[in-house]
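Enquirer: Have a look at this one.
There are 2 protein chains.
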Amino acid sequence: MAAATPAHADSRSDPTPRAGLPPGAAPVPVGMKIGALASRSGLPVKTLRYYEELGLLPAVCRSSGGYRLFAEDSLRRLEFIRRLKTLGLSLEEIQGSLAVHDSGALPCADLEIQLGRQIERIDGRIRELRQLRKELQGLLAGWQSNPARDGELICPNLQV
Amino acid sequence: MAAATPAHADSRSDPTPRAGLPPGAAPVPVGMKIGALASRSGLPVKTLRYYEELGLLPAVCRSSGGYRLFAEDSLRRLEFIRRLKTLGLSLEEIQGSLAVHDSGALPCADLEIQLGRQIERIDGRIRELRQLRKELQGLLAGWQSNPARDGELICPNLQV
DNA sequence: CTATGGCGTCCAGTTGACTGGAGAGTCAAG
DNA sequence: CTTGACTCTCCAGTCAACTGGACGCCATAG
């Protein structure tokens, strides 16, 4: 069992629609089916279909049976998506960068802006959380677990 | 226009179902309708119904016409909810404290725990955000807006 | 009487990124 | 031919906290 036992050997799946190539040329598969892409990328099939539906992950074409066929570079695309997701970008933002890529340009300048914005969002969020933390801390500093009842107040510590 | 011009004078709305009270006693309304509570609390009617549905805001009873009637203390209850929401507690958590209150006890000890947990959640979240920020910062520190193309990489800066 | 407005229930939609399932078609192995 | 794995589309549900709308009853002013 040295080699030649791919879990999803999906090469010869469909009559590749090319004509007039020299016979004996290397077998160039037109694409992999979604299950192969799923197992190679580690993402669920459902997620891949969802990405395709959003336009993040275009399929090369459909097989005669209606199956999505993906190119090899779909894997790189998914890596790109995964990376940007871990950096906190939304799929919509990622789609923007991919659109730049698909237009033939490098998305780096675009991404620099997006990631810069992401830092700002994070800073804003951290500020909010710190403020909230401060408020909670202050509240708990003077907290009495068993205070005297204060009129109709639900919680005397909060004065409400 | 000194007084006596409430926007929603909903006192005499329904025949209060009490019998045998001394005549001449102060008019004690059995409750206010949802619109009155809405305008006095500043919350939308829809939200109040939603809270009631969740069990956060029990109505005293229904009028003969099927209208929810709320007690005066509903206002305090809503203040309590509002306050805890600004402190980041979920409605479910707030409901827990209200349940303690409704059982006749002070919710302070319970709340102390909840708010302590909230601080921990915040700390965790801040740590995550700081880590993410660091990663983004590091990435952008060496960022090249217009790098050379690197093979099939979508973004050379990210190496994906 | 009507007209108006408040209130009732029930159902659906919002946001984001999926996830689950039904029911049917495809395809290769045995 | 059958089986089983794989795939398709379409629809619904998840989480939270609402929000919007349709349709109909209730109550009161004129």
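As given, the protein sequences belong to chains Z and P, one line each in that order. The numbers in numbering that gives the first Met the number 0 rise by one with no breaks, and the one at position 10 of the first sequence is 9. The numbers in numbering that gives the first Met the number 0 rise by one with no breaks, and the one at position 7 of the second sequence is 6. Where is the CB? At the ideal position from N, CA and C, for every residue including glycine. As the structure is a computational prediction, the values presented were derived from the model and not from experiment.
1. Between Z:L77 and the rest of its own chain, which residues show a CB-CB distance below 6 Å, the 5 nearest in sequence each way excluded?
2. Tell me, which residues are paired with Z:R67 by DSSP?
3. In terms of residue numbering, what span does the alpha helix (DSSP H) encompassing Z:S96 cover?
4. Rounded to a whole number of angstroms, what is the C-alpha to C-alpha distance between Z:G123 and Z:L97?
5. I'd like the list of long-range same chain contacts for Z:L20, defined as Cβ closer than 8 Å, with 5 residues on each side in sequence excluded.
6. Where do the ends of the alpha helix (DSSP H) carrying Z:D149 lie?
7. Pick out whichever of P:R75, P:L135, P:P57, P:I80 has its Cα sitting closest to the Cα of P:F69.
8. Considering Cα atoms alone, identify which of P:R132, P:S73, P:L86, P:D109 is closest to Z:L128.
9. Taking the alpha-carbon positions, what's the P:Y50 to P:W142 distance?
10. Would you give the residue range spanned by the alpha helix (DSSP H) that P:A108 belongs to?
11. Should Z:G103 be flagged as near chain P, meaning a C-beta pair shorter than 7 Å?
12. Looking at P:R67: is its Cβ nearer than 7 Å to the Cβ of P:I33?
13. Determine the direct distance from the alpha carbon of Z:E111 to that of P:S144, and round the result to whole angstroms.
14. Whose C-beta lies closer than 8 Å to the C-beta of Z:P22 among residues of the same chain, with five residues either side of it excluded?
15. Among residues of its own chain, excluding the 5 on either side of Z:H100, which ones have a beta-carbon nearer than 7 Å to its beta-carbon?
16. Does the CB of Z:P57 have a neighbour CB from chain P at under 7 Å?
17. Within the 7 Å Cβ cut-off, does Z:F69 reach chain P?
18. Would you please verify whether the beta carbon of Z:A35 is less than 7 Å from any beta carbon of chain P?
19. Using a Cβ-Cβ cutoff of less than 8 Å, which residues in the same chain neighbour P:L53 once the five nearest sequence positions on both sides are dropped?
20. Is the beta carbon of P:L157 closer than 7 Å to that of Z:I118?
21. Given Z:A140, which residues of its chain have a CB within under 6 Å of its CB, disregarding the five upstream and five downstream residues?
22. So is P:A104 buried or exposed if we call it buried at 16+ other beta carbons inside 10 Å?
23. Given this structure, state the Cα-to-Cα distance separating P:T46 from P:P146, to the nearest angstrom.
24. By how many angstroms is the C-alpha of P:R48 removed from the C-alpha of P:V59?
25. Hey, does Z:R82 have any beta-carbon neighbour from chain P nearer than 7 Å?
26. Taking Cβ-Cβ distances below 8 Å as the criterion, which residues of the segment 132 to 159 of chain Z are in contact with chain P?
27. Based on Cα-Cα distance, which residue from P:S63, P:D109, P:P43, P:L114 lies nearest to P:L88?
28. At a Cβ cut of 9 Å, what residues of the segment 101 to 127 of chain P count as close to chain Z, listed as they run along the chain?
29. Kindly say whether Z:G87, judged by its beta-carbon, lies nearer than 7 Å to any beta-carbon of chain P.
30. Shorter than 7 Å from the beta carbon of Z:E52 to some beta carbon of chain P?
Expert: The answer reads as follows:
1. S40
2. Z:R61
3. 90 to 101
4. 27 Å
5. Note on Z:L20: pLDDT 45, under 50, position unreliable in the model; no value is reported.
6. Here Z:D149 belongs to no alpha helix (DSSP H), and DSSP marks it neither H nor E.
7. P:P57
8. P:L86
9. 49 Å
10. Counted as a single uninterrupted DSSP element, the alpha helix (DSSP H) harbouring P:A108 occupies residues 107 to 140.
11. no
12. yes
13. Rounded to whole angstroms, P:S144 to Z:E111 spans 7 Å at the Cα level.
14. The predicted model places Z:P22 with a pLDDT of 49, which falls under 50 and marks its position as unreliable; any figure quoted below should be read in that light. Cβ within range, chain order: n/a, list empty.
15. P106
16. Answer no: the Cβ-Cβ gap between Z:P57 and chain P never drops below 7 Å.
17. Put simply, the CB of Z:F69 is far from chain P, with every gap to its CB atoms at 7 Å or more.
18. no
19. Excluding sequence positions up to five before and after P:L53, its CB lies within less than 8 Å of the CB of L90, Q94, all in the same chain and listed in chain order.
20. no
21. none
22. exposed
23. The C-alpha of P:T46 lies about 53 Å from the C-alpha of P:P146.
24. 13 Å
25. yes
26. Flagged, chain order: R132, E134, L135, Q136, L138, L139, W142, Q143, S144, N145, P146, R148, E151, L152, I153, C154, P155, N156, L157, V159.
27. P:L114
28. L105, P106, C107, A108, L110, E111, L114, G115, Q117, I118, I121, D122, R124, I125
29. yes
30. no
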